[in-house]
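As structure tokens, the structure follows; a few thoughts come after it.
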Amino acid sequence: MKKYLKTTLGRKLLAFYLVLFAITFYLITTVGRDYISERVESESISNLRSVGITLLGSHINEQRYTKTTILSLRDQLKMASEAAEAEILIVCSDGDVILNTDTEKTYNIYQGSSSFLHEDVIKDTTLSGLLSENSTCVILPMEQSAYLNGYLVLAQPNQFINNRAIYYTNILTTFFYLIMAIVGFVFLLIYVFNVRPLHKLRKGASQFSINHENPPILIKSQDEYGELAKTLNVIGAELSKFDEYQRKFISNISHDFRSPLTSIQGYVQAMKDGVIPADNQEKYLDIILYETERLTKLTSNLIDMNNYDRDNIMLEQESFDIHKAVKMTCESLEGTASNKKITFTYNFCEPEELLVYADKQKILQVLGNLCDNAIKFSHEESEICLHTFTKGEKVFISIKDSGIGIPREDLNLIWDRFYKTDLSRGKDKLGSGLGLAICREIINAHKQTIDVVSTVGVGSEFVFTLPKA
Numbered sequence: 001m002k003k004y005l006k007t008t009l010g011r012k013l014l015a016f017y018l019v020l021f022a023i024t025f026y027l028i029t030t031v032g033r034d035y036i037s038e039r040v041e042s043e044s045i046s047n048l049r050s051v052g053i054t055l056l057g058s059h060i061n062e063q064r065y066t067k068t069t070i071l072s073l074r075d076q077l078k079m080a081s082e083a084a085e086a087e088i089l090i091v092c093s094d095g096d097v098i099l100n101t102d103t104e105k106t107y108n109i110y111q112g113s114s115s116f117l118h119e120d121v122i123k124d125t126t127l128s129g130l131l132s133e134n135s136t137c138v139i140l141p142m143e144q145s146a147y148l149n150g151y152l153v154l155a156q157p158n159q160f161i162n163n164r165a166i167y168y169t170n171i172l173t174t175f176f177y178l179i180m181a182i183v184g185f186v187f188l189l190i191y192v193f194n195v196r197p198l199h200k201l202r203k204g205a206s207q208f209s210i211n212h213e214n215p216p217i218l219i220k221s222q223d224e225y226g227e228l229a230k231t232l233n234v235i236g237a238e239l240s241k242f243d244e245y246q247r248k249f250i251s252n253i254s255h256d257f258r259s260p261l262t263s264i265q266g267y268v269q270a271m272k273d274g275v276i277p278a279d280n281q282e283k284y285l286d287i288i289l290y291e292t293e294r295l296t297k298l299t300s301n302l303i304d305m306n307n308y309d310r311d312n313i314m315l316e317q318e319s320f321d322i323h324k325a326v327k328m329t330c331e332s333l334e335g336t337a338s339n340k341k342i343t344f345t346y347n348f349c350e351p352e353e354l355l356v357y358a359d360k361q362k363i364l365q366v367l368g369n370l371c372d373n374a375i376k377f378s379h380e381e382s383e384i385c386l387h388t389f390t391k392g393e394k395v396f397i398s399i400k401d402s403g404i405g406i407p408r409e410d411l412n413l414i415w416d417r418f419y420k421t422d423l424s425r426g427k428d429k430l431g432s433g434l435g436l437a438i439c440r441e442i443i444n445a446h447k448q449t450i451d452v453v454s455t456v457g458v459g460s461e462f463v464f465t466l467p468k469a
């Protein structure tokens, strides 16, 4: 948990919660407490006044205040006093206290100050010593009494009022702690389901940018965070593939350039030093020419792949006869095929002129790469069959050889740049491993498909599609 609190969002959430807690706690312990005290005091005064009015509306105003009636009235007022949690007094206008629910003694208030009799409410007073503790008093004149010109005094101890205020304050404080616990739990949920996933996403993304590593981001939630984690995991996997591709690219391109350059350098140096006799130099010049052609082809393929990556292949589409294009390609390769006594056979569908709509030069490049591969990997004195057929608005072009075939585990890899199967390495010394990658890029640019069916020791068949013109 501590390491997550180090994150910016984690610290912000914690700081926000602490500030909210502090402000709310301050408001409750100051403003809230004062409000409750005032409200309880106001309710106490209102209750005392209500009790007093009720008593004045009863038979108190009709009493003749003799010793007997005072004793009887004290018992009745005692019950009202206990119910109201207040001390009740009846005071004559001449200052005599003729009834006090807390004592049976009578006395004259002019022994102290009687000015309070002219007040409606007096707070925090002992009424010049009449009360045993500070109280809040409500004073009501007995104006309707035919027998007594006096006042009804109801006094409630401040301690009782304060205890009620403390009780309600404690309830409010408990409610506050409960609310803050709920808010804290909500913040925890926000942290667990929002901040922590973001921390994992940030950490995972930083691995991509700093260490080029792609440990999986383990977020399994079915929400936006989960989807983002899946996306980043896919990106990480692709970055790993790209890094692996870069390493293989550098390794392969270094090897493909180094081998012919080493050969050329060695033979040129040997001829310069006179190690190779003049009458034997033509043989080694042919080797140098061969290696130069190899470098030229490799460079040309690299330029093509770079252009395809950068420009996304610009197509110059037109209508042309695919049958004628196939024959042109085969005729250009007859010299190479005749060296292995390989013949081309054609199995074209009707009509004789089959028009397609594509970039002619790039399709010729595809046909050239596929037919060249077929020659390289075919056995001597074999056939390469070129077949076309239509289905709907598509034309299918097939190049089938009777060569060494491709292992099943390599079928999905042959389209990768610089990839060569183990079976092909001894057969294709001139190739760079870019031909099939270029073919796929061109066909994909036409929004068409290219596929292969192959069996080791039997041969391979490459099929690609083009739209009808």
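Under the numbering used here, the first residue of the sequence shown is numbered 1, with each subsequent residue one higher.
Even for Gly, the Cβ is constructed at its ideal location relative to N, Cα and C.
Nothing here was measured: the structure is a model prediction, and the numbers come from that model.
Between A469 and the rest of its own chain, which residues show a CB-CB distance below 6 Å, the 5 nearest in sequence each way excluded? Counting only Cβ-Cβ distances below 6 Å, and skipping sequence neighbours, we find S319, L355, V356 and Y357.
Take the Cβ of E334 as the centre, count every other Cβ of all protein chains shown within 10 Å, and call the residue buried at 16 or more, exposed below. It counts as exposed.
Report the rounded CA-to-CA distance for E119 versus L127, giving the unit in angstroms. Taking the Cα positions, E119 is about 11 Å away from L127.
Could you check whether the region 366–374 touches the region 408–418, counting it as contact only if at least three pairs of C-beta atoms, one from each stretch, sit closer than 8 Å? No, the region 366–374 does not touch the region 408–418.
Run of the beta strand (DSSP E) containing N412, from where it starts to where it stops: That residue, N412, is in no beta strand (DSSP E); it is neither H nor E in DSSP.
Tell me whether the beta-carbon of I322 lies closer than 8 Å to the beta-carbon of S378. No.
Between which two residues does the alpha helix (DSSP H) holding I190 run? N158 to I190 is the extent of the alpha helix (DSSP H) around I190.
Would you list the one or two residues that DSSP bridges to V234? DSSP, once it has assigned bridges, lists no residue as partnering V234.
Distance, Cα to Cα, I397 vs A437? Those two C-alpha atoms are separated by around 18 Å.
Under 8 Å between the Cβ atoms of V51 and A15? No, Cβ-Cβ distance for V51 and A15 is not below 8 Å.
Cβ separation of I442 and Q365, assumed to be a contact under 8 Å, to the nearest whole Å: Indeed, because the Cβ distance is near 7 Å, the residues count as touching under 8 Å.
Contiguous alpha helix (DSSP H) assignments of at least 4 residues, all confined to the region 321–390: With a minimum length of 4 residues, the continuous alpha helix (DSSP H) runs that stay inside the region 321–390 are 322–332, 334–339 and 360–377.
Considering only the alpha carbon of each residue, which of T336, S402 and F389 lies closest to E352? Residue F389 holds the alpha-carbon nearest to the alpha-carbon of E352 among T336, S402 and F389.
Pull up the CB-CB distance for Y17 and G184, whole angstroms please, since I reckon it's below 8 Å. Going by Cβ atoms, the distance from Y17 to G184 rounds to 6 Å, so yes, they are a contact pair.
Rounded straight-line distance, which links the Cα of I45 to that of S135: A direct Cα-to-Cα measurement between S135 and I45 gives close to 11 Å.
Determine the direct distance from the alpha carbon of I288 to that of F344, and round the result to whole angstroms. Roughly 31 Å separates the two Cα atoms.
Bridge partners of V403, per DSSP? Sequence check: residue 403 is Gly here, not Val. Looking at the DSSP assignment, G403 forms a beta bridge with S378.
Whole angstroms is fine: what's the gap from H446's alpha carbon to K394's? Computed Cα separation, rounded: 12 Å.
Beta-carbon spacing of G459, G403 below 8 Å: Taking C-beta atoms as the reference points, G459 and G403 count as a pair closer than 8 Å.
Any Cβ of chain C within less than 8 Å of the Cβ of V40? The structure shown contains no chain C, having only a single protein chain.
Within 10 Å of its beta-carbon, does Y267 have 16 or more other beta-carbons around it, so buried, or fewer, so exposed? Burial call: buried.
Would you give the residue range spanned by the alpha helix (DSSP H) that V40 belongs to? Its alpha helix (DSSP H) spans residues R33 to L56.
Hey, L386 and I399 are a contact pair by Cβ (cut 8 Å); roughly how many whole angstroms apart? L386 to I399, Cβ: 6 Å. Contact.
How would you label C92, buried or exposed, when you count the other beta carbons within 10 angstroms and need 16 or more for buried? Result: buried.
With a threshold of 7 Å on Cβ separation, who are the neighbours of S81 within its own chain once the five nearest residues in sequence on each side are excluded? Sequence-distant partners of S81 (beyond 5 residues in either direction) whose C-beta falls short of 7 Å from its own C-beta, in its chain, are E87, I88 and T101.
Where the alpha helix (DSSP H) containing G435 begins and where it ends: Per DSSP, G435 belongs to the alpha helix (DSSP H) from G435 to A445.
Restricting to Cα atoms, I'd like to know which of I122, N301 and Q361 is closest to T329. The shortest C-alpha separation from T329 is found at Q361.
Use the C-beta contact count for C349: other C-beta atoms within 10 angstroms, 16 or more gives buried, fewer gives exposed. When all chains shown are included, C349 counts as exposed.
Cα-Cα, which of A237, T449 and S58 is closest to P467? The shortest C-alpha separation from P467 is found at T449.
For L117 and L48, which I take to be in contact (beta-carbon distance under 8 Å), what is that distance rounded to the nearest angstrom? Wrong, their Cβ atoms sit about 16 Å apart, outside the cutoff.
Among R417, N347 and R164, which has the Cα closest to the Cα of E383? Across the set R417, N347 and R164, the C-alpha of N347 shows the shortest separation from the C-alpha of E383.
Could you work out which residue in H199, V40 and Q246 is closest to F160 when comparing CA atoms only? When only C-alpha atoms are compared, the closest one is V40.
What distance in whole Å lies between the Cβ atoms of G150 and I90, which are believed to be in contact at a cut-off of 8 Å? About 6 Å; that satisfies the 8 Å criterion.
May I ask you to report which of helix, strand or coil DSSP gives E293? E293 falls in the helix class under three-state DSSP.
Quick one: give me the first and last residue of the beta strand (DSSP E) that G459 is part of. Under the DSSP assignment, G459 falls in the beta strand (DSSP E) whose first and last residues are G459 to P467.
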